[in-house]
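*Asks:* One structure, pasted below without further comment.
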Amino acid sequence: MAAPSGPVAASTDAERAMFDFVDAYDRAYETAALEHGLSVAQACVLGRLTRQIGMRELADELNCDASNITQIISRLEARDLVHRRPHPGDGRSRQIVRTSDGAALYAAFEESFEFARSATANLSAREQAQLATLLRKALNGTREPNS
Numbered sequence: 001m002a003a004p005s006g007p008v009a010a011s012t013d014a015e016r017a018m019f020d021f022v023d024a025y026d027r028a029y030e031t032a033a034l035e036h037g038l039s040v041a042q043a044c045v046l047g048r049l050t051r052q053i054g055m056r057e058l059a060d061e062l063n064c065d066a067s068n069i070t071q072i073i074s075r076l077e078a079r080d081l082v083h084r085r086p087h088p089g090d091g092r093s094r095q096i097v098r099t100s101d102g103a104a105l106y107a108a109f110e111e112s113f114e115f116a117r118s119a120t121a122n123l124s125a126r127e128q129a130q131l132a133t134l135l136r137k138a139l140n141g142t143r144e145p146n147s
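Heads up: the sequence shown at position 57 corresponds to 57 in full-length UniProt numbering, and the numbers run straight through without jumps.
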């Protein structure tokens with residue numbers, strides 16, 4: 001089920017702008033994934049596989065149920081985009097790693113997903129730095145030095 005396409009309740013202009021940005025980002029991400037024959041979930045999982053990782057750890061990172069990860073990994077494995085390997089310290093568990101085909105496909109996906117690059121290209125270097133600071137502050141609820 002997709003996220004709502006507009007604010008759930010009355011909000012500030014900043015909240016509406018954030019929602020519009022996230023909505024546009026999500027649509028662009030989905031379009032790029034589909035161009036490469038991936039679902040959004042598959043693209044997301046491939047992107048997280050920058051190192052060998054266990055199924056449980058991957059599920060925790062993505063904040064989803066392990067059974068969902070198992071299904072996604074099975075589909076990616078059927079396309080030879082990932083492999084399951086025995087965990088070196090625990091023979092009962094498996095770790096996931098991208099294959100060379102999976103790495104190549106994800107690199108092509110990343111190159112075609114231009115939304116963030118295009119959006120930030122509309123900003124000066126100073127505005128980009130300011131935006132990064134403000135987004136981190138909003139996400140962390142912490143103040144940057146000298147702010």
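Even glycine gets a Cβ: it sits at the ideal position worked out from N, Cα and C. Bear in mind the structure is a predicted one, so any value in this text is a computation, not a measurement.
#1: Measuring alpha carbon to alpha carbon, tell me which of S118, G47, E57 and F21 ends up nearest residue 191.
#2: What number of angstroms, rounded off, separates the C-alpha of L76 from the C-alpha of E30?
#3: How is D65 classed by DSSP in three states: helix, strand or coil?
#4: Is the segment 48-60 in contact with the segment 13-26, if contact means three or more CB pairs nearer than 8 Å?
#5: Could you give the distance in angstroms between the alpha-carbon of E127 and the alpha-carbon of K137?
#6: In its own chain, which residues sit with a C-beta less than 6 Å from the C-beta of V45, not counting the 5 before and 5 after it?
#7: Taking the alpha helix (DSSP H) that G102 falls in, what are its first and last residues?
#8: Alpha carbon to alpha carbon, how far is A28 from S118? Give it in angstroms, no decimals.
#9: Measuring straight from C-alpha to C-alpha, what distance separates R94 and P86?
#10: Round the Cβ separation of L105 and L81 to the nearest angstrom and send it over; I've been treating them as touching at under 8 Å.
#11: Let me confirm a value: G141 is counted as buried when at least 16 other C-beta atoms fall within 10 Å, else exposed. Which label applies?
#12: Excluding the 5 residues flanking V40 on each side, which residues of the same chain have their C-beta closer than 7 Å to its C-beta?
*Replies:* If we stick to the structure as given:
#1: Residue coverage of the chain in this structure runs from 1 to 147, which leaves residue 191 outside it and unanswerable.
#2: The residue you call residue 76 lines up with position 76 of the sequence shown. The residue you call residue 30 lines up with position 30 of the sequence shown. If you take the alpha carbons of L76 and E30, they lie about 17 Å apart.
#3: Start at 1 with the first residue of the sequence shown, and residue 65 comes out as number 65. If DSSP states are grouped into helix, strand and coil, D65 belongs with coil.
#4: no
#5: As a first step, residue 127 must be located in the sequence shown, where it is residue number 127. As a first step, residue 137 must be located in the sequence shown, where it is residue number 137. Cα to Cα, the separation comes out at about 15 Å.
#6: For the purposes of this step, residue 45 is identified with residue 45 of the sequence shown, where counting begins at 1. So the list reads I72, once near-sequence residues are dropped.
#7: Walking along the sequence shown from the start, residue 102 turns up at place 102. Looking at the DSSP string, the run of the alpha helix (DSSP H) that includes G102 is S100 to S112.
#8: Locating residue 118 in the sequence shown gives position 118, counting from the first residue. Locating residue 28 in the sequence shown gives position 28, counting from the first residue. The straight-line gap from Cα to Cα measures roughly 11 Å.
#9: Within the sequence shown, residue 94 is the residue found at index 94, counting from 1. Within the sequence shown, residue 86 is the residue found at index 86, counting from 1. Approximately 5 Å between the Cα atoms of the pair.
#10: Indexing the sequence shown from 1 puts residue 105 at position 105. Indexing the sequence shown from 1 puts residue 81 at position 81. Contact flag correct, Cβ pair sits at about 6 Å.
#11: Counting from 1 along the sequence shown, the entry for residue 141 is found at position 141. It counts as exposed.
#12: Position 40 of the sequence shown, counted from the first residue, corresponds to residue 40. Cβ neighbours of V40 beyond the five flanking positions: Y29, E30 and A33.
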